[in-house]
């Protein structure tokens, strides 16, 4: 997880996780959900975002992300599967049909947890933290050995037969899309640069991508086709005071069926 911070212009080897977390909490906005849960959300003018989750006043998880400005996508069957990750189905706004299932690191994980851990429907703004980028097949610079075009495919959504007891779906995915816009931006908190890209994956589905400055030799022009290995992040825009009431009985039954104890 710490390696993903480089995608938003944060070198934790230089900044130090503890010192950086303190800076984020000090500069961010506190979003309390209950006496127990509070998020500290810091959004840089560059679009870099960090969510520090605290429990009983103590930060227990820090999530790097990107303040997505792409159009929200309809989604359904939304549910938490661990203390970081949610799974959901992306839906076509036109006919409500399934685009694809995904797993992602949810910015407003705490809000969904407080709301009972599941929602039937919502709208998610997707973003991604790139681990690698390469020309896609079909791009003139790609060549015959360029990666095939998977569109958007999450790596691990189906439990393998020989999976370990603690296995959960992964938020890692392969993306192939066309660059609509691209910039080299600077994280104002650290002074470090990173690439910001908006990729069109398919009609009606766009994702903002952050990548380390060293991941590309230059800012790609509009129309460039890229294949990206990334960790998906996203936000449902759940706000305190407007959260759906938790379905306590159904949620408890689901947790018990999955062999998990409620927290």
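Numbering (our numbering), first residue to last: 35 to 297.
C-beta: ideal position from N, C-alpha, C; glycine also.
Here residue 104 is not near residue 96, since their CB atoms are 8 Å or more apart. In this model, residue 271 and residue 64 are separated by some 15 Å (Cα to Cα).
The distance from the Cβ of residue 214 to that of residue 232 is about 5 Å, consistent with a contact at the 8 Å cut-off.
Bridge partners of residue 121 according to DSSP: 113, 137. Boundaries for residue 236: no alpha helix (DSSP H) harbours it, while the beta strand (DSSP E) harbouring it runs 227-236, taken from the DSSP string.
When the beta-carbon positions are compared, residue 121 and residue 113 come within less than 8 Å of each other. Taking a C-beta distance under 8 Å as the contact criterion, residue 56 and residue 115 do not qualify as a contact pair. Cβ neighbours of residue 88 within its own chain (closer than 6 Å, five residues either side excluded): 72.
Taking the Cα of residue 222 as reference, the smallest distance to any Cα among 45, 37, 38 is reached at 45. In the same chain as residue 162, and ignoring 5 residues on each side of it, the C-beta atoms closer than 6 Å to its own belong to 241, 243, 264, 266, in chain order. Residue 241 is bridged by DSSP to 233. Annotated as proximal: residue 109 and residue 124, with beta-carbon spacing under 8 Å. Here residue 68 carries a coil assignment [DSSP, helix/strand/coil].
Here DSSP, grouped into helix, strand and coil, assigns residue 193 to coil. Note that the C-beta distance between residue 91 and residue 160 is not below 8 Å. Per DSSP, residue 60 is one residue of the alpha helix (DSSP H) stretching across 51-61.
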